[in-house]
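Step one of this worksheet: look at the structure below.
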Amino acid sequence: MSAEVLSGKPLAGLIKQRAQEQAHALDSQGIRPTVAVVVATDDESTLWYVRSIERAAERAGIGCRIVDLGRDATEQVLASVLSDLSVESSVHGIILQTPLPAGVKADSLVGLIAPEKDIDGANPLSLGRLAVGQPAFAPATARSVVEILDHYEVPVAGRNVVVVGRSAVVGKPLSLLLLAKDATVTVCHSRSGALEQFTRPADVVVVAAGRTGLLTGSHVTEKTVVVDVGTNVLPDGSLVGDVDEASVTGVAAALTPVPGGVGSVTTALLLLHTVEAASQQEPAQLAAAASATRI
Numbered sequence: 049m050s051a052e053v054l055s056g057k058p059l060a061g062l063i064k065q066r067a068q069e070q071a072h073a074l075d076s077q078g079i080r081p082t083v084a085v086v087v088a089t090d091d092e093s094t095l096w097y098v099r100s101i102e103r104a105a106e107r108a109g110i111g112c113r114i115v116d117l118g119r120d121a122t123e124q125v126l127a128s129v130l131s132d133l134s135v136e137s138s139v140h141g142i143i144l145q146t147p148l149p150a151g152v153k154a155d156s157l158v159g160l161i162a163p164e165k166d167i168d169g170a171n172p173l174s175l176g177r178l179a180v181g182q183p184a185f186a187p188a189t190a191r192s193v194v195e196i197l198d199h200y201e202v203p204v205a206g207r208n209v210v211v212v213g214r215s216a217v218v219g220k221p222l223s224l225l226l227l228a229k230d231a232t233v234t235v236c237h238s239r240s241g242a243l244e245q246f247t248r249p250a251d252v253v254v255v256a257a258g259r260t261g262l263l264t265g266s267h268v269t270e271k272t273v274v275v276d277v278g279t280n281v282l283p284d285g286s287l288v289g290d291v292d293e294a295s296v297t298g299v300a301a302a303l304t305p306v307p308g309g310v311g312s313v314t315t316a317l318l319l320l321h322t323v324e325a326a327s328q329q330e331p332a333q334l335a336a337a338a339s340a341t342r343i
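Heads up: the sequence shown at position 289 corresponds to 337 in this note's numbering, and the numbers run straight through without jumps.
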């Protein structure tokens with residue numbers, strides 16, 4: 049038996065199409081959804097990713113402003129830029145791209161992103177709102193996992209779901225999103241002990257720990273659906289996840305690939321979040337346009 053491949057590419061295409069349609073609808077009413085990506089690094093892989101967001105935004109009819117502050121940007125400069133963007137009416141979404149310069153702490157900066165523009169769920173206020181069921185943008189990677197499970201009709205309500213990793217970017221917000229869908233969620237981490245005691249009984253296992261080959265075939269059964277969130281770069285430049293794909297493929301029921309899985313959906317969701325943010329921030333203009341259309 050070979051695990052079903054849960055590719056993220058078809059879903060990413062659908063989400064981008066949805067974002068494009070909504071962006072065009074807003075543009076026809078004089079509103080151009082715009083995202084600002086703040087960058088302070090010369091890491092080529094990061095810059096490649098930022099350029100890919102820019103290209104995807106352009107194809108979808110979404111404005112994308114790359115604010116490149118350079119690798120030597122200070123925390124004060126970054127704070128000033130984020131504060132200015134948070135009150136700039138022409139910008140609807142803000143992404144603070146990591147890595148940041150040495151000594152600069154992201155924790156002290158993400159709180160400066162206005163929650164209504166926090167399209168990647170970085171501000172702690174966004175996580176707090178998710179926790180109590182209030183409207184907020186979830187981190188795009190965390191939401192990608194849920195969207196993939198929905199797209200392939202993998203049930204989670206009443207099922208046992210194990211999330212390996214407790215980061216504020218994926219593990220914690222994902223657990224909240226899954227709880228909201230009535231899953232029974234277990235979060236594992238480095239102090240949890242033998243991983244297989246949690247993962248083998250699970251219906252769904254999501255791995256987001258940043259460790260190559262962490263999950264192997266011995267950790268899963270023939271009923272397990274595995275979602276691999278890991279993005280690890282090997283010495284030869286190739287990209288692999290946290291799952292030992294060769295061993296898991298022969299055991300599990302289904303598996304997302306790396307690359308081509310969660311990552312492709314993440315970029316698409318950032319575009320959709322930008323459009324949704326623009327719609328929420330421009331109610332007066334939208335109401336005026338609707339009234340003019342009726343007349």
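Where a beta carbon is used, it is the ideal one built from N, C-alpha and C, also for glycine. It should be emphasised that the depicted structure is a prediction, and the values quoted were computed from it without experimental measurement.
Quiz item: Looking only at DSSP bridge pairs, what is D116 linked to?
Solution: V87
Quiz item: What residue from S134, V125, T189, L130 has the CA that sits closest to Q329's CA?
Solution: S134
Practice problem: Find out if the Cβ-Cβ distance for the pair Q145, V85 is shorter than 7 Å. | Solution: yes
Exercise. Give me whichever residues DSSP pairs with E52 in a beta bridge.
Key: A302
Quiz item: Taking contact to mean at least 3 C-beta pairs separated by less than 8 Å, is the segment 309-317 in contact with the segment 52-72?
Solution: With the cut-off at 8 Å, the segment 309-317 and the segment 52-72 touch.
Quiz prompt | Euclidean distance between Cα positions of H140 and E324 | solution = Looking at the two C-alpha atoms, the distance is approximately 9 Å.
Exercise. Check A336 in the structure and name its three-state DSSP category.
Key: Below a pLDDT of 50, predicted positions are generally treated as unreliable, and A336, at 49, falls in that range; the measurement from the model is reported next regardless. Helix, per DSSP.
Quiz item: Do three or more CB pairs link the segment 279-298 to the segment 227-236 at distances below 8 Å?
Solution: With the cut-off at 8 Å, the segment 279-298 and the segment 227-236 do not touch.
Practice problem: Look at the alpha carbon of R66 and the alpha carbon of G111, and state the distance between them as a whole number of angstroms. | Solution: Taking C-alpha positions only, R66 is separated from G111 by approximately 16 Å.
Practice problem: Go through its chain and collect everything with a Cβ distance to R119's Cβ below 8 Å, but skip five positions before and after it. | Solution: A88, T89, D90, P149
Quiz prompt | Cβ-based neighbour list, V125, same chain, cut-off 7 Å, excluding 5 preceding and 5 following | solution = L117
Practice problem: Could you pull out every unbroken alpha helix (DSSP H) segment of at least 4 residues lying fully inside the segment 55-81, listed in chain order? | Solution: 57-75
Practice problem: Within the same chain, show all residues whose beta-carbon is closer than 6 Å to that of A257, passing over the 5 residues directly before and after it, in chain order. | Solution: Contacts found: V212, G213, D290.
Exercise. State the start and end residues of the unbroken beta strand (DSSP E) segment that holds T232.
Key: First-last of the beta strand (DSSP E) with T232: 232-236.
Exercise. Excluding the 5 residues preceding and the 5 following A338 in the sequence, name in chain order all residues of the same chain whose CB lies nearer than 6 Å to its CB.
Key: For A338, the predicted model reports a pLDDT of 48, less than 50, meaning its position is unreliable and no value from the coordinates is stated.
Quiz item: Which whole runs of the alpha helix (DSSP H) in the segment 203-253 are 4 residues long or more, in chain order?
Solution: 219-228, 244-247
Exercise. Only counting runs of 3 or more residues, tell me where the beta strand (DSSP E) segments fall wholly within the segment 95-163, in order along the chain.
Key: 111-116, 141-144
Exercise. Take the Cβ of H237 as the centre, count every other Cβ of all protein chains shown within 10 Å, and call the residue buried at 16 or more, exposed below.
Key: Classification for H237: exposed.
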